[in-house]
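This report concerns only the one structure given below.
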């Protein structure tokens, strides 16, 4: 395969499945899902959801949007000049994903605006608000006072399901023996599951081979696992 063709197949986009049936439940994320499904019975109609990368936080945020009619905003896209409440129809709430990336004045403005309008607010972060370096004292105190729920590190059953989902999102069918091989040798994190699936997709495309144990070994070796 020529370099230009290789780059083309590597850059092909994919769309992850984000429905309720696509969210795999285990002990590490059950409480987080229960909180999302408890809406609108959140204290103050607010919640902080935190957890490690690729742990399903954004998936839960999308489920909440679908269930509640809330508006989804990426933290980096949040601005004080164009708050997400200014468009019609007015949403029932707002979720700010990757809230660490949001400008703090804009996030504080949104917090206050949601409170004044009686709207729901879901803040999605990588770590608890109490552990996040928040410069604005008013914002820090408000976020740390919000009810919070976290997603913990995955157990074996969930990690296997996450691997299968990442492959399925990329329209790849991988034998259970390969899943078991990866599971026994990979770094035990949600992020590594996503990384390995992406790398194996790339290796399969560029080499014109099905994903089997040889490619699995190569992918693991690439990350010194």
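Residue numbers (my numbering): 1 to 225.
Backbone N, C-alpha and C define an ideal beta-carbon position, used for all residues, glycine too.
Just so you know, these numbers come straight off a predicted model, no measurement behind them.
Check whether the Cβ atoms of residue i and residue j lie closer than 8 Å to each other.
i	j	result
residue 189	residue 52	yes
residue 70	residue 93	yes
residue 163	residue 193	yes
residue 48	residue 72	no
residue 147	residue 42	yes
residue 119	residue 102	no
Kindly indicate the opening and closing residues of the alpha helix (DSSP H) around residue i.
i	result
residue 31	30-38
residue 211	Where residue 211 is concerned, there is no enclosing alpha helix (DSSP H), given that its DSSP letter is neither H nor E.
residue 69	Per DSSP, residue 69 belongs to no alpha helix (DSSP H) and is neither H nor E.
residue 179	176-185
residue 25	Run containing residue 25: none; DSSP gives neither H nor E here.
residue 56	Careful: residue 56 lies outside any alpha helix (DSSP H) and carries neither H nor E.
residue 157	156-169
residue 105	104-117
residue 138	137-145
residue 231	Any property of residue 231 remains undetermined from this structure, which presents the chain solely from 1 to 225.
For residue i, tell me which candidate among the options has the shortest Cα-Cα distance.
i	options	result
residue 260	172, 208, 154 and 222	Residue 260 lies beyond the range of the chain shown here (1 to 225); nothing can be said about it.
residue 140	100, 91 and 39	100
residue 127	165, 54, 186 and 178	54
Suppose you measure from the CA of residue i to the CA of residue j; what does that come to, to the nearest Å?
i	j	result
residue 76	residue 105	13 Å
residue 195	residue 169	13 Å
residue 181	residue 145	43 Å
residue 4	residue 215	In this prediction, residue 4 has a pLDDT of 40, which is less than 50 and means its spatial position is unreliable; what the coordinates show is noted afterwards. Answer to the nearest angstrom: the Cα atoms are 22 Å apart.
residue 81	residue 39	29 Å
residue 68	residue 171	30 Å
residue 206	residue 176	23 Å
Could you tell me the boundaries of the beta strand (DSSP E) in which residue i lies?
i	result
residue 125	120-125
residue 49	46-50
residue 97	93-97
residue 148	148-150
My guess is that residue i and residue j are in contact by the Cβ rule of under 8 Å, so how many angstroms apart are they, rounded?
i	j	result
residue 61	residue 22	Wrong, their Cβ atoms sit about 14 Å apart, outside the cutoff.
residue 57	residue 134	Rounded, the Cβ-Cβ distance is 18 Å, inconsistent with contact.
residue 143	residue 129	4 Å
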